[in-house]
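Q: Shown below is the structure under consideration.
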Amino acid sequence: MAAVDSFYLLYREIARSCNCYMEALALVGAWYTARKSITVICDFYSLIRLHFIPRLGSRADLIKQYGRWAVVSGATDGIGKAYAEELASRGLNIILISRNEEKLQVVAKDIADTYKVETDIIVADFSSGREIYLPIREALKDKDVGILAYLDHFSRALQYEYASKGIFVQSLIPFYVATSMTAPSNFLHRCSWLVPSPKVYAHHAVSTLGISKRTTGYWSHSIQFLFAQYMPEWLWVWGANILNRSLRKEALSCTA
Ligand SMILES: NC(=O)c1ccc[n+]([C@@H]2O[C@H](COP(=O)([O-])OP(=O)(O)OC[C@H]3O[C@@H](n4cnc5c(N)ncnc54)[C@H](OP(=O)(O)O)[C@@H]3O)[C@@H](O)[C@H]2O)c1
């Protein structure tokens, strides 16, 4: 009994002397929780502002905002093709770039006939080095180009540099889209709300032009992006690696 009493006394003494530390820790905890909650609320607000609100009103006039021509690379298939079609459906003339001239001509004609816009093609292989840029430059020199697509970091740098010249560079960072790249995976092609068709993806992504310089382009991709941000990096990299490896395995077994 005496031992219990003295333990209780000791505990009370320690608790009394620690009171101010406990209060300080509670304040830090409350500040951290409030900060995180505000971040989550802001992230969800920007998700709604970016992916849902623009779709409620009338569509933005992209020609007035950015000019008559848009350049789309990888434009004969998948996301690039759907993007070219979506931009053409908004009245923009399209310059299509990819490697295969025949495919380019077919897609360019198809877009021109369907959407009554002008199209032009540039045959270029982006894996072949600097020599492709001179012909691209020549082909673009007299065109009023307002929309371009590039890689993430580069895009952001270009956006800052060229925004004042009326060129809008948006960095698109999609998660999975149901193109030929993901075709071997039955799993990915079954979840259409997680893995949209290129047409649905491009329709959503184009409506984010002018609102965001850097976006996943699709609402459910933005939710996945938010979750990825709140997870430890090793965890989502591990998950993504498993998915990508199984996709690669399925693709290789299809070609074998
Ligand atoms: N699908 C997804 O889930 C997903 C997710 C995140 C990021 N991405 C990225 O988004 C891009 C498009 O993906 P996708 O699924 O739409 O691919 P896709 O359906 O295979 O289409 C690729 C397009 O790029 C062209 N292309 C390929 N290599 C080229 C090169 N070296 N130079 C010029 N053009 C080239 C192809 O045409 P030609 O063969 O005629 O050249 C085709 O028009 C890729 O960079 C991909 O990594 C895709």
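Residue 69 in our numbering sits at position 9 of the sequence shown, with consecutive numbering throughout. Ideal Cβ placement from N, Cα and C applies to all residues, glycine included. Since the model is a prediction, treat every value here as computed from it, not as a measurement.
State the beta-bridge partners of R274 as determined by DSSP.
A: Bridge partners of R274: S231.
Q: Within 8 Å: the Cβ of L164 and any heavy atom of ligand 1?
A: Checking the Cβ of L164 against ligand 1 gives yes.
Q: Cβ of R305 versus every heavy atom of ligand 1: is any distance shorter than 8 Å?
A: Checking the Cβ of R305 against ligand 1 gives no.
Q: Please report the distance separating the alpha-carbon of Q284 from that of N246.
A: Going by the C-alpha atoms only, they are around 20 Å apart.
Q: Using DSSP bridges, identify the partner residues of A209.
A: Bridge partners of A209: Q230.
Q: Are the segment 239-259 and the segment 289-299 in contact at 8 Å, needing three or more beta carbon pairs?
A: Short answer: they don't touch.
Q: Please report the straight-line C-alpha distance between I74 and A90, rounded to a whole angstrom.
A: Looking at the two C-alpha atoms, the distance is approximately 23 Å.
Q: Between which two residues does the alpha helix (DSSP H) holding W279 run?
A: Start and end: 279-290.
Q: On the premise that L164 lies in contact with W129, defined as a C-beta separation below 8 Å, what is that separation, rounded to the nearest angstrom?
A: That pair is no contact at about 16 Å.
Q: How is the beta strand (DSSP E) around N153 delimited, first residue to last?
A: Segment 153-158, the beta strand (DSSP E) holding N153.
Q: Could you give the distance in angstroms between the alpha-carbon of E178 and the alpha-carbon of K169?
A: Looking at the two C-alpha atoms, the distance is approximately 9 Å.
Q: By DSSP, does A130 sit in helix, in strand, or in coil?
A: Looking at A130 - three-state DSSP - the assignment turns out to be strand.
Q: Over the uninterrupted beta strand (DSSP E) stretch that includes V183, give me the two end residues.
A: Segment 179-183, the beta strand (DSSP E) holding V183.
Q: Roughly how many whole angstroms lie between the Cα atoms of I157 and R250?
A: Going from the Cα of I157 to the Cα of R250 covers about 30 Å.
Q: Below 8 Å, is the gap between the Cβ of N160 and the nearest heavy atom of ligand 1?
A: Flag set: Cβ of N160 near ligand 1.
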